[in-house]
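Here UniProt numbering is used: position 246 in the sequence shown is 246, and no number is missing along the way.
Glycine included, each C-beta is placed from N, C-alpha and C at the ideal position.
None of these values were measured; they are calculated from a predicted model.
Since the structure comes first, as C-alpha cells, the remarks are kept for the end.
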Amino acid sequence: MNKNLKGSIMVFIAGIAWGLSGVCGQFLMSRGMNVSQLISMRLLISGTVLTAIAATKYRENLVKVLRSKRALIGILLFAVLGFLMNQYSYLVAIDYTNAGTATVLQYMSPIVVLFFVALKERRIPEINEFLAIFFAVLGTFIIVTHGRLDGLAITPKGLVFGLLSAVTAAFCVVLPAKYVREYGSFPVIGLGMLMGGTISFFTTQAWQYPLVLNQGNLIGLFGIIGIGTILNYSLFFMGTAIIGSVKGSLMAAVEPISSVVFTVILMHDVFYPMDFLGMLLIIVAVLLISLRDLIALRRRLR
1 MNKNLKGSIM VFIAGIAWGL SGVCGQFLMS RGMNVSQLIS MRLLISGTVL TAIAATKYRE
61 NLVKVLRSKR ALIGILLFAV LGFLMNQYSY LVAIDYTNAG TATVLQYMSP IVVLFFVALK
121 ERRIPEINEF LAIFFAVLGT FIIVTHGRLD GLAITPKGLV FGLLSAVTAA FCVVLPAKYV
181 REYGSFPVIG LGMLMGGTIS FFTTQAWQYP LVLNQGNLIG LFGIIGIGTI LNYSLFFMGT
241 AIIGSVKGSL MAAVEPISSV VFTVILMHDV FYPMDFLGML LIIVAVLLIS LRDLIALRRR
301 LR
C-alpha cells in the first residue's frame with residue numbers, strides 16, 4: 001500500500017473513532033454513569049496504555065520528560081486546562097444536547113487557535129480567516145436558534161459548555177505543542193492523560209459513584225476508551241507523522257460528520273435541516289483554515 005494512502009486511512013479512521021467516542025459517552029450517561037467517573041476512567045486507562053506505548057517505543061524521550069521539571073509542569077498545566085477541562089465541558093455539553101451537536105461545537109477549536117495566534121503575533125486576521133470566523137459564528141447561531149430570534153433550539157447550558165469545549169480543545173493544541181515537538185506525541189499525551197485522570201479521580205472522589213458493568217456499559221466503555229481514545233490517538237499520531245499535520249486536520253473533518261451519523265443511528269436523536277446547515281458552515285469554516293495552511297505549505301516546498 002502507498003505510504004501516503006496508509007497515513008490518510010489511519011487519520012480517517014481516527015476521525016471516525018473520535019466521532020464514535022462522543023456517542024458512547026452519551027450512551028453511558030443516559031445509562032446513569034456519572035460524568036466525573038467516566039472522565040477519570042477514560043483518562044486513567046487511556047493514559048496508562050499510551051504511556052506504556054511510550055515506554056516501549058519511545059523510552060528515551062519518556063525518560064527525558066520525566067527528568068525535566070519544566071516539561072512536567074507544562075504537561076501538568078496541559079492536563080488540567082486541556083484534557084481535564086475539555087473532557088468535562090465536552091461530556092456535559094453532550095448531556096445537555098447530544099453527541100453530534102456537542103462535537104460540532106467543539107470542532108470550532110481551530111477558530112479559537114486562530115484567535116490565539118493572531119493575538120500572539122499582534123496582527124489582524126486575513127480575509128480567509130475573517131471568512132472562517134464569520135462562517136463559524138453564523139453556523140453556531142443557526143444551530144442555537146434555527147434562524148429564529150425568539151428562542152433557543154438548544155439549552156443555554158448546552159451552548160455554554162459546547163463553546164467551552166471548543167476553547168479547552170484549543171488549549172489541547174496550544175499548551176503541549178512545544179513539548180510534543182521536543183519529546184514526541186506519545187510521551188506527552190500519555191502523561192497528560194495520566195495526570196488529568198489522577199487529578200480527576202481524587203478531586204471528584206470518583207470511586208464513590210456506583211459502577212454498573214453490564215454488557216451494554218462494557219461495550220460503551222470499550223467504545224469511548226478503547227476505540228475513541230487509545231485507538232484514535234494512536235492512529236492519528238502515526239497517520240499525521242506520515243502525511244503531515246495540515247493534511248491530517250483536513251482528513252479529521254470526518255469527526256463531526258461521523259458523530260452526527262452515529263448519534264442518529266445509535267441514539268435515534270433527531271436533527272433538522274437548520275442543524276445540518278449550521279454544522280456545514282462550521283465544517284467549512286475549519287476547512288478554510290486547513291486549506292490555507294495546506295496551500296502555504298505547498299508554496300514553501302516549491
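Once DSSP output is grouped into helix, strand and coil, what is the label at residue i?
i    : result
N98  : coil
N2   : coil
T263 : helix
G15  : helix
D269 : coil
P176 : coil
L44  : helix
I53  : helix
P156 : helix
P256 : helix
I124 : coil
D150 : coil
V212 : coil
Let's see if you can read the secondary structure: which residues bound the alpha helix (DSSP H) around residue i?
i    : result
M33  : Run containing M33: none; DSSP gives neither H nor E here.
Q215 : Q215 to L221
A241 : N232 to I243
E121 : S109 to E121
F135 : I127 to T145
I225 : Neither: I225 is in no alpha helix (DSSP H) and is coded neither H nor E.
F186 : S185 to T203
R67  : R59 to R67
Could you check if residue i is buried or exposed, using at least 16 other CB atoms within 10 Å of its CB as the buried criterion?
i           : result
residue 303 : Residue 303 is absent from the model: the chain starts at 1 and stops at 302.
A177        : exposed
N4          : exposed
P156        : exposed
G47         : buried
V180        : buried
K247        : buried
L211        : exposed
F134        : exposed
V92         : buried
I225        : buried
residue 304 : Coverage of the chain is limited to positions 1 through 302, which leaves residue 304 absent and any answer about it impossible.
F202        : exposed
T124        : Residue identity check: residue 124 is Ile in the sequence provided, not Thr. Looking at its Cβ environment, which holds fewer than 16 other Cβ atoms inside 10 Å, I124 is exposed.
I265        : exposed
I73         : exposed
N2          : exposed
G147        : exposed
T56         : exposed
E255        : buried
Beta carbon of residue i, beta carbon of residue j: below 8 Å?
i    : j    : result
G190 : A54  : yes
I282 : A136 : yes
Y183 : V65  : yes
I39  : Y88  : yes
M33  : N217 : yes
G223 : L43  : no
M274 : G139 : no
F12  : G220 : no
S258 : G15  : yes
I75  : V174 : no
S165 : Y90  : yes
M267 : M10  : no
L277 : I111 : no
F271 : V284 : no
F236 : C172 : no
Y41  : T168 : One point to set straight first is that residue 41 is Met, not Tyr, in the sequence displayed. No, the Cβ-Cβ distance between M41 and T168 is not below 8 Å.
For residue i and chain C, any beta-carbon pair shorter than 8 Å?
i    : result
R122 : Looking for chain C here will not work: only one protein chain is present.
| query | Between the stretch 15-31 and the stretch 88-103, do three or more beta carbon pairs fall short of 8 Å? | reply | yes
| Does the stretch 232-243 come within contact of the stretch 68-80, defined as at least 3 CB pairs closer than 8 Å? | no
| Does the stretch 245-260 touch the stretch 111-123, meaning 3 or more C-beta pairs lie closer than 8 Å? | no
| request: Would you check if the stretch 138-152 and the stretch 195-211 touch, i.e. whether three or more CB-CB distances between them fall below 8 Å? | output: no
| task | Could you tell me whether the stretch 274-289 touches the stretch 128-142, where touching means 3 or more Cβ pairs closer than 8 Å? | result | yes
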